[in-house]
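Below you'll find the structure, written out as structure tokens, and then a few comments.
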Amino acid sequence: MGGYIVPHRSFRVLRFLGTHLRIWPDDNKKCNFKTDVFFWFCVINYVLLLLPLFNALYLNRKNVVAASNTWIEVSGYAEVLAAFIYSKYKRVQLYVLLCEAEKYLLSKKVTIIKKYANTYAKIFLLVILFYLFTVFVYWSIEKPITGYEYLITTAVYPFNIRSHPIKGLIYCNQTFNLMYSSILPVFDGISVLLIFNCTHRLKILEHKFKLAKTSSDLSECVREHDDVSRTIKETNSIVRFLVFKTVFSFTSNVIPGGLQILNNVALSQSICQVCIILLVYSRIVLCAECAGNMTDAGEDLLFTIYSTLWYNEEPKIVSMKIFIIQKCQNIPAIHINGIMSGLGRKYLLTIMYSTFSYLTTLRTVTSDEKSYFATSRTST
């Protein structure tokens, strides 16, 4: 019990981080105006960095190692921009869900699933620490050349940057964009918070079903189940995009990262790419673990209703239980139709297997090529 992290403290930490990063929705008009100004400031900054990165990608199109390094940067900053724009687009819906989460998480009934809150808080803390470590590695060890001077990214600008004022502005732009990428793990924390709220409410509903004795109690459970289902549906509509962009970013990092690691690049560069890949994967693990527990909570709710007394019950109560079971057949999950059937541990294993298969195949192909060229040289 000594290592228990209270859920409402985690909520306040997330709100503190989100408010200072200007991604936490607020109904204050003055704050919204400042947020709108800051929104366009960030968008312009990221566009001013992404354009030179695409230019570097084009110039290095014949150099696999250099192009792959630039592509990793492009995918990372593009993910930040996508998450930032999406949060602006979904501000109202996100505000409603976060207010609802605050209402339920501050209640005393949260102790029903306190083990989940403790686990998520510790994993999130580890992700934040690993993020800071990765930024340190990226900034201090890996210093790619822009074509003119040593800067933070591999961006190539279509003009001379040897002037100190221009160089200072570019350095400030790249530093700001790198530091502000911290919104990604915070968005992951918000996603986990919303999913956790759904899991929490499912567990409370399961507890109420166990205590329900009369038809009026069951009717109240049915109404609450409808409300929980609505919350899960709205949560899925927001979280699925945030999770999908993280999975896409992981794929975008693994493919060029594998090319770099297997092409005998510098040790510092290999360490940097491995850290980036592990960081993105740890973010997926955080969301997948939470989504898997929500699915388990939905299955537990269905099993609880099955396990209640059926004999010597009034026909009305039996009919209501059958009706509730039919409503609970649709097990809650974070999913995208046609792309992701359900986020959870099984999906994590699929990603791990695909990544291992890709790296193994890539290593086999590169080894065969090296053997072929060695044999050709020997024969000549």
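Just so you know, the sequence shown maps onto residues 2 to 381 in our numbering. All residues carry an ideal CB built from backbone N, CA and C; glycine is no exception. Nothing here was measured: the structure is a model prediction, and the numbers come from that model.
According to the DSSP assignment, Gly293 belongs to the alpha helix (DSSP H) that extends over Leu268 to Ser308. In its chain, beyond the 5 residues on either side, Tyr78, Val81, Leu82 and Asn178 have a beta carbon closer than 7 Å to the beta carbon of Tyr47. A straight line joining the alpha-carbon of Phe160 with that of Val75 spans about 20 Å. The C-beta of Asn174 has 16 or more other C-beta atoms within 10 Å across all chains shown, which makes the residue buried. Asp37 and Ile340 have their C-alpha atoms spaced approximately 33 Å apart. Note: Ile337 is bridge-paired with Met341 in the DSSP secondary-structure output. By alpha-carbon distance to Glu103, the top candidate from Leu15, Cys291, Leu243 and Gly299 is Leu15.
If you check the CB distance, Ala289 and Leu363 do not come in under 7 Å. Within the same chain, Cβ atoms closer than 6 Å to the Cβ of Ala67 are found at Asn61, the five residues on either side in sequence being excluded.
Here the alpha carbons of Ser271 and Trp140 stand approximately 14 Å from one another. Nearest Cα to Leu52 within the set Lys35, Thr232, Asn64 and Trp72: Trp72. In this chain, the alpha helix (DSSP H) harbouring Ser76 covers Val65 to Tyr90.
Scanning the stretch 162-249 for uninterrupted alpha helix (DSSP H) segments of 4 residues or longer gives 165-181 and 184-212, listed from N- to C-terminal end.
In this structure Ser216 touches Ile318 by the C-beta definition: roughly 6 Å separates them, less than 8 Å. Within the same chain, Leu219 and Cys222 come within 7 Å of Ala213 by CB-CB distance, once the 5 residues on both sides are set aside. Comparing C-alpha distances from Trp41 to each of Glu207, Ala57, Asp28 and Lys89 shows the shortest one belongs to Lys89. Remark: C-beta atoms of Ile335 and Ala292 approach each other more closely than 7 Å. In the structure shown, Pro26 adopts coil according to DSSP, grouped into three states.
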